Amino acid sequence: MKHFLMMVIVATIALGCGSSKQSDQTNSGTITTLTVDEFSKVIKKKNVRLIDVRTPKEYAEGHIAGADNIDVKAANFADQIKEVKGSVAVYCVKGVRSMKAATQLAAQGCTVYNLDGGITAWKQAGKSITH
0 MKHFLMMVIV
10 ATIALGCGSS
20 KQSDQTNSGT
30 ITTLTVDEFS
40 KVIKKKNVRL
50 IDVRTPKEYA
60 EGHIAGADNI
70 DVKAANFADQ
80 IKEVKGSVAV
90 YCVKGVRSMK
100 AATQLAAQGC
110 TVYNLDGGIT
120 AWKQAGKSIT
130 H
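In numbering that gives the first Met the number 0, the protein residues as written are 0 to 130.
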């Protein structure tokens, strides 16, 4: 019994330690929260669509190059993303709104990468933005 208990404790610790990535399974797709460096690598892949889910005003103030702007607060957000398929990278200011968008995208089968800390973390890491 002590041996079994020790194995359970070791397994629990081992599962708790790992990479910085956090993945959540949804009914259809997945959501993985990535650090700035991990996100930067993912968005360089040609098969990943980059979406800034902030308001158009926030987007105009500066965004990651190549990002489409689909405002998660817009009344028609669900309609706008209905045709989005495959791998998608999303971000907002700090990661809250993008997680909301990620949940909706994953529910329709997308593989979603969410930027931990949003564009705020991106800029703090010295990464460039465009206007």
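Cβ coordinates follow ideal geometry from the N, Cα and C atoms, glycine included.
No experiment lies behind these values; they were computed from the predicted model shown.
Check	Outcome
Taking the alpha carbon of A73 as the reference point, which residue from A64, K56, A88 has its own alpha carbon closest?	K56
Measure the alpha-carbon distance for F76 versus I69 and round it to whole angstroms.	7 Å
Would V87 and V35 qualify as a contact pair, given that the criterion is a beta-carbon distance under 8 Å?	no
Quick check: the Cα distance between E82 and L104, rounded to an integer number of angstroms?	10 Å
For R63, does the count of other Cβ atoms within 10 angstroms reach 16, so buried, or fall short, so exposed?	Checking the sequence, you will find Ile at residue 63 rather than Arg. I63 comes out buried.
Out of K45, D51, K44, which one is the CA nearest neighbour of L114?	D51
Among T54, T110, E60, whose alpha-carbon lies nearest the alpha-carbon of S127?	E60
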